[in-house]
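Peer 1: Following this message is one structure expressed as structure tokens.
Protein chains: 2
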Amino acid sequence: MAGRVLAMVIRAVGRYGCAMLDLQSRPKCSECPIRHRAVCARCDDDELLMLEQIKTYKSFRAGDQVLWRGDGLTYVASVVAGVASLGKTMEDGRTQMVGLLLPSDFIGRPGREAIDFDVVAVTDVTLCCFHRKPFEALIETTPHIAQRLMEMALDELDAARDWMLLLGRKTAREKIATFIEMLVRRQRLTIDDATDQELVLPLTRHEIANYLGLTLETVSRQLGAMKKERIVQFVDRRRFRVTDLEALHLASGDDCP
Amino acid sequence: MAGRVLAMVIRAVGRYGCAMLDLQSRPKCSECPIRHRAVCARCDDDELLMLEQIKTYKSFRAGDQVLWRGDGLTYVASVVAGVASLGKTMEDGRTQMVGLLLPSDFIGRPGREAIDFDVVAVTDVTLCCFHRKPFEALIETTPHIAQRLMEMALDELDAARDWMLLLGRKTAREKIATFIEMLVRRQRLTIDDATDQELVLPLTRHEIANYLGLTLETVSRQLGAMKKERIVQFVDRRRFRVTDLEALHLASGDDCP
DNA sequence: CGCCGGTTTGACATACTTCAAGAGAAGTGG
DNA sequence: CCACTTCTCTTGAAGTATGTCAAACCGGCG
Chain A
12 MAGRVLAMVI RAVGRYGCAM LDLQSRPKCS ECPIRHRAVC ARCDDDELLM LEQIKTYKSF
72 RAGDQVLWRG DGLTYVASVV AGVASLGKTM EDGRTQMVGL LLPSDFIGRP GREAIDFDVV
132 AVTDVTLCCF HRKPFEALIE TTPHIAQRLM EMALDELDAA RDWMLLLGRK TAREKIATFI
192 EMLVRRQRLT IDDATDQELV LPLTRHEIAN YLGLTLETVS RQLGAMKKER IVQFVDRRRF
252 RVTDLEALHL ASGDDCP
Chain B
12 MAGRVLAMVI RAVGRYGCAM LDLQSRPKCS ECPIRHRAVC ARCDDDELLM LEQIKTYKSF
72 RAGDQVLWRG DGLTYVASVV AGVASLGKTM EDGRTQMVGL LLPSDFIGRP GREAIDFDVV
132 AVTDVTLCCF HRKPFEALIE TTPHIAQRLM EMALDELDAA RDWMLLLGRK TAREKIATFI
192 EMLVRRQRLT IDDATDQELV LPLTRHEIAN YLGLTLETVS RQLGAMKKER IVQFVDRRRF
252 RVTDLEALHL ASGDDCP
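Protein chains in written order, with our numbering: chain A, 12 to 268; chain B, 12 to 268.
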């Protein structure tokens with residue numbers, strides 16, 4: 012009983028804290044965890060100050076829709092914490108995830124009135140939002156932002172093209188293997204010597220299917236197969252470790268290491 | 012006999028002209044057909060002059076490989092005329108086209124040593140090439156170039172994401188219909204009131220298959236089906252016209268007009 | 001004419017989807 | 001703490017769109 016009440020209180024506080032953030036919170040850019048990777052990475056202190064003045068934090072709970080396709084773009088934003096997804100949906104309900112947004116990734120684009128896909132919070136998400144108009148003005152006057160945004164867009168483009176090969180040509184097994192390898196690689200970026208590290212699937216089976224252009228049944232079956240082959244080992248439905256990295260890579264269909 | 016010799020002469024002249032261009036030709040930017048759409052679109056006269064000094068034209072014949080995956084990027088370039096393809100290939104030979112490069116599109120990216128896909132001339136192609144190093148320097152000093160490159164990269168990114176939906180979720184029929192609709196739309200950009208205009212497939216069946224993540228047999232069958240349904244009408248294997256635009260759109264699986 | 005690359009067409013194989021049922025975990029409410 | 005619902009996930013059986021293999025066609029060119 013006490014436990015349940017406590018849980019409710021925590022959640023309520025969570026929501027409240029969230030609302031607070033929406034209205035006011037404007038943490039120092041200089042202490043921001045994504046300071047050196049986000050759109051502001053190349054900015055010097057003066058430029059940072061300009062950004063600081065037009066920024067607001069917003070938080071969303073896992074599952075919340077952040078933006079609907081066709082929404083007017085009053086804000087653009089950087090992901091500060093959490094994971095969000097970019098998705099497209101067809102009239103009959105088929106959907107395809109076209110990007111995963113991780114901390115430092117950018118949402119929206121200057122010079123366009125509306126956004127052409129849905130943005131959904133996969134986990135709890137915190138965004139650093141900028142009013143679009145002043146942000147666009149800033150781009151004109153602050154070369155470092157356009158330069159960084161160009162870099163980021165080109166990186167995204169490369170990633171999108173890799174994904175096109177995956178979607179167009181890879182088998183279900185290769186898709187799954189590539190996806191897991193991607194998670195491993197990402198882990199490596201944050202922790203060195205991540206060998207035998209426990210990993211977490213940030214997405215449900217359904218979302219993975221969505222990301223890979225498959226059905227959730229196929230995802231489940233392929234994961235099952237790789238479990239049986241001792242390539243991966245699950246501790247629960249989300250958490251796992253890779254037991255045979257080489258076999259995993261082999262299964263991904265990619266060349267080189 | 013005379014005909015054959017003449018053909019050889021023409022080809023030789025073609026090649027020679029080509030070599031000439033490689034070495035010397037540096038047409039005025041101000042008269043360039045892609046002046047207002049390419050990476051130089053926002054440049055003023057001074058900036059254009061800077062670009063003019065580091066540019067060279069290069070030509071390729073249909074089928075030529077322009078760049079191999081992994082090639083060192085000594086140049087970046089704009090497509091001036093013709094069509095080129097960006098493609099990825101897996102070890103076992105499966106390939107996926109990840110972009111079609113039309114006049115004004117940009118090849119290569121500043122700040123990277125190598126290119127990660129193959130570039131092939133689909134038709135005869137002329138490129139406006141810039142040495143990468145000086146071009147990168149120019150980006151640092153010339154905000155207009157970074158701004159334009161950012162815009163173009165973001166446009167490409169949107170297109171890539173649309174294509175991801177196509178590759179991941181659309182049926183063969185929808186893919187073909189979407190592809191044809193794309194050609195229609197492109198035609199509309201150049202000629203107004205293009206209704207009932209004759210169109211040309213810029214790609215072979217094999218290349219179309221490659222672009223859509225299908226096999227050439229499936230492409231052929233679907234085109235055949237749409238011919239039978241009087242949605243399109245072929246005058247020869249390349250040239251056709253759309254006889255039922257509405258049905259075409261319906262078949263594409265996209266909403267809205 | 002005969003070759004050749006691109007294309008069409010057919011018969012067959014299969015990887016993946018679809019449909020359906022049930023198992024596990026997690027949350028809800030008494 | 002225990003039913004009860006709900007959600008995610010697994011597993012099976014059956015269906016189908018697309019791939020694979022193979023042969024024939026067609027227009028262009030030598």
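Backbone N, C-alpha and C define an ideal beta-carbon position, used for all residues, glycine too.
Under a three-way DSSP split, which group does D129(B) fall into?
Peer 2: strand
Peer 1: What are the boundary residues of the beta strand (DSSP E) that G110(B) is part of?
Peer 2: T106 to L112
Peer 1: For chain A, is any of its Cβ atoms less than 8 Å away from the one on F128(B)?
Peer 2: yes
Peer 1: What's the gap between the Cα of T229(B) and the Cα of T201(A)?
Peer 2: The alpha-carbon atoms of T229(B) and T201(A) are separated by roughly 44 Å.
Peer 1: Which word fits S41(B), buried or exposed, when buried means at least 16 other C-beta atoms lie within 10 angstroms of its C-beta?
Peer 2: If you draw a 10 Å sphere on the C-beta of S41(B), you find fewer than 16 other C-beta atoms in it, and that means exposed.
Peer 1: So with CB distances below 8 Å, who are the chain B contacts of W174(A)?
Peer 2: M175
Peer 1: Would you check if the distance between the CB atom of L210(B) and the CB atom of R252(B) is smaller than 8 Å?
Peer 2: yes
Peer 1: Give a yes or no on contact between the region 62 to 69 of chain B and the region 135 to 142 of chain B, applying the rule of three or more CB pairs nearer than 8 Å.
Peer 2: Enough Cβ pairs lie closer than 8 Å, so yes.
Peer 1: Listed from N- to C-terminal order along the chain, which residues in the region 38 to 68 of chain A have their beta-carbon within a distance smaller than 8 Å of any beta-carbon of chain B?
Peer 2: Within the region 38 to 68 of chain A, no residue qualifies.
Peer 1: Hey, does K144(B) have any beta-carbon neighbour from chain A nearer than 8 Å?
Peer 2: No, K144(B) does not count as interfacial toward chain A.
Peer 1: Put A236(A) into one of helix, strand or coil per three-state DSSP.
Peer 2: In this structure, A236(A) counts as helix in the three-state DSSP scheme.
Peer 1: If we count the other Cβ atoms within 10 Å of its Cβ and call it buried at 16 or more, is H47(B) buried or exposed?
Peer 2: It is exposed - the Cβ of H47(B) has fewer than 16 other Cβ atoms within 10 Å.
Peer 1: If the cut is a Cβ gap below 7 Å, which residues of chain A does M101(B) touch?
Peer 2: R180 and G264
Peer 1: Run through chain B and tell me which residues come within less than 7 Å of L168(A), C-beta to C-beta.
Peer 2: Within chain B, the residues near L168(A) are A164, E167, L168 and A171.
Peer 1: Please report the distance separating the alpha-carbon of L112(A) from that of N221(A).
Peer 2: The C-alpha of L112(A) lies about 15 Å from the C-alpha of N221(A).
Peer 1: E167(A) and L168(B): beta carbons closer than 8 Å?
Peer 2: yes
Peer 1: For the candidate residues A132(A), T215(A) and K186(A), whose alpha-carbon lies nearest to that of A92(A)?
Peer 2: A132(A)
Peer 1: Report the option in Q64(B), I118(B), D266(B) and C51(B) whose CA atom is closest to the CA atom of D129(B).
Peer 2: I118(B)
Peer 1: Under 8 Å, with one C-beta from each stretch per pair, do the region 92 to 110 of chain A and the region 170 to 184 of chain B reach the 3-pair mark?
Peer 2: Counting C-beta pairs with one atom in each stretch, the region 92 to 110 of chain A and the region 170 to 184 of chain B have three or more that are closer than 8 Å, which means they touch.
Peer 1: Just to make sure I have the definition right: I need the residues of chain A whose C-beta is within less than 9 Å of the C-beta of L214(B). Which are they?
Peer 2: None at all; the shortest Cβ gap to chain A is about 15 Å.
Peer 1: Look up L34(B) in the DSSP assignment and say whether it is helix, strand or coil.
Peer 2: Below a pLDDT of 50, predicted positions are generally treated as unreliable, and L34(B), at 47, falls in that range; no measurement from the model is reported.
Peer 1: Quick check: what's the CA-CA separation for L62(A) versus G83(A)?
Peer 2: Their Cα atoms are separated by approximately 21 Å.
Peer 1: When the distance is taken between beta carbons, is T85(B) closer than 8 Å to R143(B)?
Peer 2: yes
Peer 1: Nearest to G81(A) by alpha carbon, out of A125(A), L59(A) and I150(A)?
Peer 2: That would be A125(A), whose Cα lies nearest to the Cα of G81(A).
Peer 1: Taking the alpha carbon of I219(B) as the point to measure from, which residue in S89(B), L97(B), E58(B) and A52(B) has its own alpha carbon closest?
Peer 2: L97(B)
Peer 1: Between the Cα of V90(B) and those of Q198(B), A258(B), I191(B) and D135(B), spot the shortest distance and give me the residue it belongs to.
Peer 2: D135(B)
Peer 1: Residues in the same chain with beta-carbon distance under 7 Å from D127(A), minus the five sequence neighbours each way, listed in chain order, please.
Peer 2: So the list reads R80, once near-sequence residues are dropped.
Peer 1: Going by beta-carbon coordinates alone, are A164(A) and A164(B) separated by less than 8 Å?
Peer 2: yes
Peer 1: Go ahead and label K186(A) buried or exposed: buried means 16 or more other beta carbons lie within 10 angstroms of its beta carbon, across all protein chains shown.
Peer 2: K186(A) sits buried, since 16 or more C-beta atoms from the chains shown fall within 10 Å of its C-beta.
Peer 1: Return the chain-ordered list of same chain residues with a C-beta closer than 6 Å to the C-beta of R249(A), the five sequence neighbours on each side being excluded.
Peer 2: V211 and L212
Peer 1: Name the two residues that bound the continuous beta strand (DSSP E) containing K69(A).
Peer 2: K66 to F71
Peer 1: With distances taken Cα to Cα, identify the nearest neighbour of D255(A) among D247(A), D265(A) and R241(A).
Peer 2: R241(A)
Peer 1: Look up R46(A) in the DSSP assignment and say whether it is helix, strand or coil.
Peer 2: coil
Peer 1: Residues of chain B with a CB under 7 Å from the CB of M161(A): which are they?
Peer 2: A157, L160, M161 and A164
Peer 1: Compare the C-beta of L17(B) against all C-beta atoms of chain A and say whether one is closer than 8 Å.
Peer 2: Caution applies to L17(B), whose pLDDT of 36 falls short of 50 and renders its modelled position unreliable; the value that the coordinates give is listed next. Not one chain A Cβ lies under 8 Å of L17(B).
Peer 1: Measuring straight from C-alpha to C-alpha, what distance separates V77(A) and A95(A)?
Peer 2: 9 Å
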